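Written below as structure tokens is the structure these notes are about.
In my numbering, the protein residues as written are 128 to 374.
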């Protein structure tokens, strides 16, 4: 226990920037991931092992969405597995910073499973709605659209980050944060973008048993994410174009 407590104290000093993070990730998921990272450290696990455990929890939850007729208890179980998987997804990065064992291979593995879960979770909703919900077939377009939105959003984030890294390597003197981006570190922004937070979606699955309520919440999240994706795409484009102009 003393080793876990010591790791917890060190982890508090090894947190990544909160810039651009939505409220659930910032205030719930990272704190949940901290004791998991400390426990993994005490058990001698490496970050990639935590990543794989995270994927197993998440994909188990995704499978249950498609396979089980929604009840209160199955919905709570699905949400719990998804929340745990997401917390472990934070823990692997925290463990890597704590131990100084981060690697490109580990980062690739993390992004690989992130992409897999974003594709499959919405397809699982599609299967669930088709098998267990009494809905017009047109409603099945919603999870299909959400899958496209979520994967495009994820690609946009990863591609923008990748291009910025290349720019920093090519122009190491131009690494300071632009003043116009500083507002994204604030709590107000963090709350405003919470509908785009994967963790918030995880919590919504606790209502999977309630057809009318879940359909409304899930559809609203899809629509809001479509709008946020449009706004983010414009910002990413201007940001990357600005880097090219600076270079």
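In this text, a Cβ means the ideal position worked out from N, Cα and C, and glycines have one as well.
None of the values given here were measured: they were computed from a predicted structure.
Residue of 185, 252, 321 minimising C-alpha distance to residue 352: Start at 1 with the first residue of the chain shown, and residue 352 comes out as number 225. Residue 321 is the option with its Cα nearest to residue 352.
Helix or strand or just coil, what does DSSP make of residue 305? As a working note, residue 305 is residue 178 in the chain shown. Low local confidence applies: a pLDDT of 49 at residue 305 is under 50, so the model's placement there is unreliable, and no value is given.
Taking a contact to mean a Cβ-Cβ separation below 8 Å, would you say residue 375 touches residue 149 in this structure? Any answer about residue 375 is impossible in this case: the structure gives the chain only from 128 up to 374.
Rounded to whole angstroms, what's the CA-CA distance from residue 360 to residue 370? Just pull it up for me. Working through the chain shown from its first residue, we reach residue 360 at position 233. Working through the chain shown from its first residue, we reach residue 370 at position 243. Note on geometry: alpha-carbon atoms of residue 360 and residue 370 lie some 15 Å from one another.
Pick helix, strand or coil for residue 343, following the three-state DSSP scheme. Residue 343 sits at position 216 when you count from the first residue of the chain shown. Note: residue 343 maps to helix in three-state DSSP.
Can the beta-carbon of residue 210 be found less than 8 Å from the beta-carbon of residue 248? Translated into positions along the chain shown, residue 210 becomes position 83. Translated into positions along the chain shown, residue 248 becomes position 121. It is not a contact, given that the beta carbons lie outside the stated cut-off.
Would you report the Cα separation of residue 175 and residue 328, rounded to the nearest angstrom? Numbered from 1 along the chain shown, position 48 holds the residue referred to as residue 175. Numbered from 1 along the chain shown, position 201 holds the residue referred to as residue 328. Residue 175 and residue 328: Cα-Cα distance of roughly 24 Å.
Name the two residues that bound the continuous alpha helix (DSSP H) containing residue 155. Mapped onto the chain shown, residue 155 falls at position 28. Where residue 155 is concerned, there is no enclosing alpha helix (DSSP H), given that its DSSP letter is neither H nor E.
Hey, would you say residue 218 sits closer than 8 Å to residue 155, going by beta carbons? For the purposes of this step, residue 218 is taken as the residue at position 91 of the chain shown. For the purposes of this step, residue 155 is taken as the residue at position 28 of the chain shown. Their beta carbons are not under 8 Å apart, which means residue 218 does not touch residue 155 by this criterion.
Can the beta-carbon of residue 239 be found less than 8 Å from the beta-carbon of residue 356? As a first step, residue 239 must be located in the chain shown, where it is residue number 112. As a first step, residue 356 must be located in the chain shown, where it is residue number 229. No, Cβ-Cβ distance for residue 239 and residue 356 is not below 8 Å.
Output needed for residue 199: all residues of its chain with C-beta closer than 6 Å, excluding positions within five of it in sequence on either side, in chain order. Numbered from 1 along the chain shown, position 72 holds the residue referred to as residue 199. Taking residue 199 as the centre and dropping the five residues before and after it, the same chain places the C-beta of 336 closer than 6 Å to its C-beta, in chain order.
Note down the Cα distance separating residue 290 from residue 363, rounded to an integer number of angstroms. Numbered from its first residue, the chain shown carries residue 290 at position 163. Numbered from its first residue, the chain shown carries residue 363 at position 236. Taking the straight line joining both Cα atoms gives about 10 Å.
Rounded C-beta distance between residue 349 and residue 246? I'm assuming under 8 Å. Within the chain shown, numbered from 1, the residue matching residue 349 stands at position 222. Within the chain shown, numbered from 1, the residue matching residue 246 stands at position 119. The Cβ separation is near 15 Å, so there is no contact.
So the candidates are 226, 295, 214; which of them puts its Cα closest to the Cα of residue 171? Translated into positions along the chain shown, residue 171 becomes position 44. Checking every option, the nearest Cα to that of residue 171 belongs to 226.
With respect to the alpha helix (DSSP H) encompassing residue 321, which residues constitute its N-terminal and C-terminal limits? Mapped onto the chain shown, residue 321 falls at position 194. In the DSSP annotation of this structure, residue 321 is not part of any alpha helix (DSSP H), being labelled neither H nor E.
N-terminal and C-terminal residue of the alpha helix (DSSP H) that residue 185 is part of: Position 58 of the chain shown, counted from the start, is the residue given in the question as residue 185. Looking at the DSSP string, the run of the alpha helix (DSSP H) that includes residue 185 is 174-194.
Give the straight-line distance between the Cα atoms of residue 269 and residue 283, rounded to the nearest whole angstrom. Here residue 269 is taken as the residue at index 142 of the chain shown, counted from 1. Here residue 283 is taken as the residue at index 156 of the chain shown, counted from 1. Within the model, the alpha-carbon separation for residue 269 versus residue 283 is close to 21 Å.
Suppose the cutoff is 8 Å on Cβ atoms and the five residues either side in sequence are ignored; what does the same chain contact list for residue 241 look like? As a position in the chain shown, residue 241 is number 114, starting the count at 1. Leaving aside the five residues that flank residue 241 on each side, the residues in its chain whose CB is nearer than 8 Å to its CB run, in chain order, 216, 281.
Taking residue 213 as part of the alpha helix (DSSP H), name the residues at either end of that continuous run. Taking the chain shown and counting its residues from 1, the one referred to as residue 213 is at position 86. If you look at residue 213, you'll find it in the alpha helix (DSSP H) that goes 199-226.
Assuming residue 80 is part of the alpha helix (DSSP H), what are its boundary residues? As displayed, the chain neither begins before 128 nor continues past 374, which places residue 80 out of reach and without an answer.
Report the rounded CA-to-CA distance for residue 168 versus residue 181, giving the unit in angstroms. Within the chain shown, residue 168 is the residue found at index 41, counting from 1. Within the chain shown, residue 181 is the residue found at index 54, counting from 1. Approximately 15 Å, taken between the alpha carbons.
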